[in-house]
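In what follows, a structure is listed as structure tokens, so that the remarks can point back to it.
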Amino acid sequence: MARPRSKRGDLIEGLSYREKLSLASGVFMSEDATISPQSKQTPLNASRDARALIRLIQCPQCSLPFRSPVTLPCGRSLCRVCLPQPHRRENISYPNTPDRLTAVGCPFEECGKEHPEGDCSVDVCLSKIMETIHDVVNSCEPVPGDTPAKLWEIGTGSNPGNAGLRDQYSEHVHFGGRLLSMFAMAVMGHLNYHAEAEFSSLSNEGDDYQTMDDAVLGRLRETTHKELDCHVCYNMMYDPVTTPCGHTFCRKCLARVLDHSTHCPMCRRTLPIPPSLEQQPSNVRLVSLLQGLCPELVASRAEAVVAEEQLEMGEMDTRLFVCTLAFPSMPTFLHIFEPRYRLMIRRSLEGNRQFGMLTYNQHGVSQTDLGNTTFKEYGTMLSILNVHMLADGRSLVETMGLYRFRVRAHGTLDGYTVGRVERVEDVSLAEEERLEAQDITAVPVIDSPMEGRPSTARFNDITQLPTQQLLIEGLAFVQKMRAHSAPWLHQRIIEVNGGPPNDPALFPYWFASIIPIVDDEKYQLLQTTSVRERLKIVIGWIRRIESQRWYNGGNCLIL
Amino acid sequence: MALPKRIIKETERLMAEPVPGISAVPHEDNLRYFDVTIDGPSQSPYEQGTFKLELFLPDDYPMTPPKVRFLTKIYHPNIDKLGRICLDVLKSNWSPALQIRTILLSIQALLGAPNPDDPLANDVAKRWKEDQNAAIQTARDWTTQYAKK
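Protein sequence lines, in the order shown, are assigned to chains A and B.
Per the UniProt record's numbering, residue 1 is the first one in the first sequence, and the count goes up by one each step.
Per the UniProt record's numbering, residue 1 is the first one in the second sequence, and the count goes up by one each step.
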């Protein structure tokens with residue numbers, strides 16, 4: 001609803017009063033309002049949009065101002081007394097709580113679903129707003145010298161099914177400007193929810209009550225505002241979601257609450273809603289109220305929500321997850337259960353769907369510029385491919401490695417690690433070629449630092465093997481091990497990770513992802529800056545494996 | 001890291017409308033750390049005493065409860081020698097809809113209603129159950145000795 005409105009906003013000056021009226025109210029006819037962060041609306045005007053303002057607090061069923069409003073699970077609101085007669089639900093055995101055994105059919109055509117009675121609680125926030133509105137209206141004493149005005153209800157005719165439209169031009173006389181008099185009409189049941197209203201001053205001086213309307217709206221805005229704060233973040237509600245127990249919070253706040261507990265923060269009732277809140281509709285009426293009363297605040301809240309995370313992260317613009325080793329172009333599967341990482345994953349999903357994966361610094365090795373951190377400084381950026389949400393809020397996350405990085409600075413945000421990272425990239429092809437040529441033409445080194453190990457002599461020639469040859473040797477080893485049915489090359493593992501890539505740049509990552517050797521060894525790959533360097537490390541492992549006695553023994557297939 | 005708006009608002013409200021008998025003042029260099037004093041409730045053994053506490057708002061507050069500890073020595077079955085407090089709303093019954101104000105009120109109420117059936121200081125709780133009058137007298141003595149205004 002937000003975008004068309006802002007477009008119309010530019011045109012509105014060129015329209016007649018009647019057209020403006022129907023336009024402005026038409027905006028609020030829809031019960032399917034959503035928030036658009038880009039919306040730059042002007043608030044509803046006290047006299048021009050009086051009808052639309054009153055409609056905001058009218059029950060679409062009985063047309064009276066809400067009496068103990070209930071917001072249904074579909075996000076639409078109506079008076080509690082307007083709820084249809086509950087019926088027994090058939091063929092339901094789970095969860096089988098008494099309040100779920102009866103249900104009401106949703107009276108809103110757009111929904112039409114069955115809502116369990118237990119999910120139809122009085123909307124606490126909307127009820128309080130109604131109370132404050134009544135208080136304000138009651139405190140508006142008739143001003144001396146106030147003159148009455150004549151009002152007509154005009155059926156729109158667009159709702160033939162609605163029997164509430166009595167005559168086309170019911171006429172009334174009320175005091176107190178447009179807002180108060182239309183409210184009075186609504187209270188008396190003389191203003192159908194779908195109907196328009198015409199207002200005409202009976203004042204001899206031609207007073208159009210604009211000042212009065214503005215004052216009333218100003219007070220309404222001020223008092224209702226207090227009820228529109230979220231009890232979790234203490235900000236004005238942003239994208240309000242109402243729980244089945246009738247309590248309203250910002251969608252983001254409720255999602256964070258559900259990361260930690262499944263109970264409503266206000267009444268501690270167990271919340272029977274999926275923790276991701278993805279399917280949970282916003283409270284349509286509150287969204288409309290917020291948009292109608294203070295669209296500029298809604299817009300600035302939307303911006304603030306986005307900016308908040310960025311600002312808090314500041315330079316630390318990368319979400320980091322200290323968990324395991326991951327490699328570029330290889331999949332990593334994660335089971336997310338801790339609240340802080342649920343939040344981290346959710347924020348990643350809202351953003352670029354990426355986060356950095358780091359491994360633990362188990363031995364407390366000092367990391368170059370960072371000192372002794374809990375993680376090792378080199379990691380892999382992961383991109384989220386799939387998230388499988390479990391009913392209790394845990395999730396299974398499928399990711400793919402993108403590129404390697406090094407952490408240059410780090411901090412925490414809401415419990416998880418964030419940091420400033422620098423991409424680690426391979427040297428240019430020219431440099432790669434130079435390295436290879438340099439290696440191959442070098443004088444063989446006899447005294448290696450690996451002296452004393454049985455494989456010393458064979459290790460040395462790795463340095464002098466051409467890069468292609470290193471890859472061939474790696475692939476040959478894989479083939480040989482597959483022939484031996486090595487369990488780490490089980491079909492299931494190949495299905496997940498794919499077969500060995502023929503790209504020399506990627507083969508080491510694939511190999512490291514499946515070979516069962518310690519992570520400290522594998523971690524070296526993340527620091528390499530040339531393909532050749534990586535392959536040499538991998539062939540080094542292979543040589544070492546091959547040199548082990550148990551391997552040469554033939555029958556033993558521990559590996 | 002910037003301070004969440006919620007903490008700023010809570011602090012402002014605590015300053016603007018203080019709770020009678022309770023004060024909470026944030027440290028200038030760490031706005032998540034509060035110096036707290038709670039007056040012992042009247043009709044309790046802690047009457048006439050002013051107890052100092054420290055309160056810290058962790059990073060994920062209000063999703064997790066504030067950490068609160070008595071600094072003044074106190075003889076109470078639900079408060080141990082280190083000043084740690086056994087109170088459900090500080091643990092499993094925490095809700096983000098609670099706040100510093102309500103938590104401190106709960107602690108004040110705990111002083112007025114010791115619960116020796118859910119003890120943290122076992123020796124105190126035992127004595128409280130065996131000889132309540134003596135235990136209350138000790139609590140009174142400690143209040144005079146350590147929590148004198």
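All C-beta atoms in this analysis are idealised placements derived from N, C-alpha and C, irrespective of residue type, glycine included.
According to the neighbour-count rule (16 or more other Cβ atoms, all chains shown, within 10 Å of its Cβ), is residue i buried or exposed?
i, result
"N78 of chain B", "buried"
"G246 of chain A", "buried"
"S42 of chain B", "exposed"
"L396 of chain A", "exposed"
"H260 of chain A", "buried"
"G218 of chain A", "exposed"
"A163 of chain A", "Residue confidence is low: A163 of chain A scores 46 on pLDDT, short of 50, so the model does not pin down where it sits. Its coordinate-derived value is still stated next. Counting Cβ neighbours within 10 Å, A163 of chain A comes out exposed, since fewer than 16 surround it."
"H190 of chain A", "buried"
"T528 of chain A", "buried"
"residue 594 of chain A", "Missing from the structure shown is residue 594 of chain A; chain A here goes from 1 to 559 and no further."
"R406 of chain A", "buried"
"F337 of chain A", "exposed"
"Q145 of chain B", "exposed"
"H27 of chain B", "exposed"
"E131 of chain A", "exposed"
"N133 of chain B", "exposed"
"M15 of chain B", "exposed"
"S181 of chain A", "buried"
"N235 of chain A", "buried"
"T374 of chain A", "exposed"
"R256 of chain A", "buried"
"D123 of chain A", "buried"
"N283 of chain A", "buried"
"L385 of chain A", "exposed"
"Y94 of chain A", "exposed"
Helix or strand or just coil, what does DSSP make of residue i?
i, result
"D229 of chain A", "strand"
"D39 of chain B", "strand"
"E109 of chain A", "coil"
"G498 of chain A", "coil"
"F249 of chain A", "strand"
"D167 of chain A", "Unreliable placement is indicated for D167 of chain A, whose pLDDT of 48 sits below 50; no coordinate value is reported for it."
"Y403 of chain A", "strand"
"W152 of chain A", "strand"
"N235 of chain A", "coil"
"M63 of chain B", "coil"
"Y46 of chain B", "coil"
"E431 of chain A", "helix"
"I545 of chain A", "helix"
"S36 of chain A", "Residue confidence is low: S36 of chain A scores 45 on pLDDT, short of 50, so the model does not pin down where it sits. No coordinate-derived value is stated."
"E222 of chain A", "helix"
"Q280 of chain A", "coil"
"K480 of chain A", "helix"
"I92 of chain A", "coil"
Give the interface partners of residue i over in chain B, defined as CB-CB distance under 9 Å, in chain order.
i, result
"G415 of chain A", "P58, D59, D60, M63, T64"
"P339 of chain A", "D60, M63, T64"
Closer than 7 Å by beta-carbon distance: list the chain A residues that pair up with residue i, in chain order.
i, result
"R6 of chain B", "C233, Y234"
Name, please, each residue of chain B whose Cβ falls closer than 8 Å to the Cβ of residue i.
i, result
"residue 602 of chain A", "The first residue shown for chain A is 1 and the last is 559, placing residue 602 of chain A beyond what the model contains."
"H174 of chain A", "Near H174 of chain A there are no residues of chain B at all, since even the closest Cβ is about 39 Å away, more than 8 Å."
"H194 of chain A", "By Cβ distance, chain B contributes nothing, its closest Cβ being about 37 Å from H194 of chain A, past 8 Å."
Provide the residue span of the beta strand (DSSP E) that contains residue i, from first to last.
i, result
"M344 of chain A", "Per DSSP, M344 of chain A belongs to no beta strand (DSSP E); it is in the alpha helix (DSSP H), 339 to 350."
"S288 of chain A", "S288 of chain A -> not in any beta strand (DSSP E); alpha helix (DSSP H) instead, spanning 284 to 293."
"K5 of chain B", "Segment 5 to 16 is the alpha helix (DSSP H) holding K5 of chain B; no beta strand (DSSP E) there."
"K149 of chain B", "Here K149 of chain B belongs to no beta strand (DSSP E), and DSSP marks it neither H nor E."
"G83 of chain B", "Unbroken run through G83 of chain B: none, as it is neither H nor E."
"A125 of chain B", "No beta strand (DSSP E) contains A125 of chain B, which is instead part of the alpha helix (DSSP H) from 122 to 130."
"K522 of chain A", "Unbroken run through K522 of chain A is the alpha helix (DSSP H), 519 to 527; no beta strand (DSSP E)."
So which residues of chain B does residue i contact, with C-beta pairs closer than 7 Å?
i, result
"M266 of chain A", "A97"
"H225 of chain A", "Neighbours of H225 of chain A on chain B: none; closest Cβ ~14 Å, over 7 Å."
Anything in chain A within Cβ reach of residue i, meaning under 8 Å, just list it in chain order.
i, result
"K9 of chain B", "Y234"
Span of the alpha helix (DSSP H) holding residue i?
i, result
"C125 of chain A", "124 to 139"
"I462 of chain A", "Where I462 of chain A is concerned, there is no enclosing alpha helix (DSSP H), given that its DSSP letter is neither H nor E."
"G379 of chain A", "Per DSSP, G379 of chain A belongs to no alpha helix (DSSP H); it is in the beta strand (DSSP E), 378 to 389."
"I107 of chain B", "100 to 112"
"P508 of chain A", "507 to 514"
**Message:** Closer than 9 Å between beta carbons: that is the criterion. Which residues of the stretch 389 to 420 of chain A meet it against chain B?
**Reply:** For the stretch 389 to 420 of chain A, the beta-carbon criterion of a distance under 9 Å to any beta-carbon of chain B is satisfied by G411, T412, L413, D414, G415.
**Request:** Report the residues of the stretch 359 to 373 of chain A with a CB closer than 7 Å to any CB of chain B, ordered along the chain.
**Result:** Here the close residues number zero.
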